[in-house]
Every structure is written in C-alpha cells, then in structure tokens.
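Heads up, the thing below is written out as structure tokens.
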Amino acid sequence: MTRLLLPLLLVAFSIYTLVDCARTDETQIRNLPKWGWILIIILIQTLGPIAYWVAGRPKGPRLGGPKPKRRILPPDDDPDFLGRI
Numbered sequence: 454m455t456r457l458l459l460p461l462l463l464v465a466f467s468i469y470t471l472v473d474c475a476r477t478d479e480t481q482i483r484n485l486p487k488w489g490w491i492l493i494i495i496l497i498q499t500l501g502p503i504a505y506w507v508a509g510r511p512k513g514p515r516l517g518g519p520k521p522k523r524r525i526l527p528p529d530d531d532p533d534f535l536g537r538i
C-alpha cells in the first residue's frame, strides 16, 4: 500500500497542476506561455509540476505583511476627542 501512495500522490499533484495551469488566465502565467507550461507539466512528470508552482504560477496577494502602526494620541492631543467635548 505504501509503495502505491507516492506514485498516486505524484499523479494527483500533476493532474491538479495541469488543471490549475489550464484554468489560469494567460496574462497571469509567468516566464512561459500557457501552452509551454502545459507541455512541461505533461512531459516532465515529477519536475514539471514543481517548476510550474515555483516559476510559472501567478503570485497571489501577500497576506500578513507589516501593517502601518497607528500613533496613539493622548486625549488632550487628539483632535477627534477634543471636537466631541
């Protein structure tokens, strides 16, 4: 059973990568045209999908970057607070 697990995972990863590449907009794919990445994913079974995820897949928006710190003002220096008095 364990001998079948790794090849099965590699085939599933290749299929998932192929579908992801096929559904991604042509203008978002990096470094090669879409048809080039599809050929690489199909012909180079193990390294093709990994190469697509590293070099070809569009970069998503960054989450969790440093947020600008808001300066905390004491009540007597805060114009919003003073305006409500």
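Residue numbers are given in the working numbering: position 83 of the sequence shown equals residue 536, and the series is strictly consecutive.
We put the CB at the ideal spot given by N, CA and C, even for glycine.
Would you kindly work out how many angstroms separate the C-alpha atoms of L500 and R523, rounded to a whole number?
Roughly 46 Å between the two C-alpha positions.
May I ask which residues mark the beginning and end of the alpha helix (DSSP H) holding K487?
That run of the alpha helix (DSSP H) goes K487 to L496.
Please report how far the alpha carbon of Y505 lies from the alpha carbon of P521, in whole angstroms.
Distance between the alpha carbons of Y505 and P521 is about 34 Å.
For P502, does the three-state DSSP call read helix, strand or coil?
In the three-state scheme derived from DSSP, where H, G and I count as helix and E and B as strand, P502 is classed as helix.
CA-to-CA distance, T455 to D478, given in whole angstroms:
Those two C-alpha atoms are separated by around 37 Å.
Give every residue of the same chain whose Cβ lies closer than 8 Å to the Cβ of A475, excluding the five residues on either side of it in the sequence, and list them in chain order.
Same-chain partners within the cutoff: K487 and I491.
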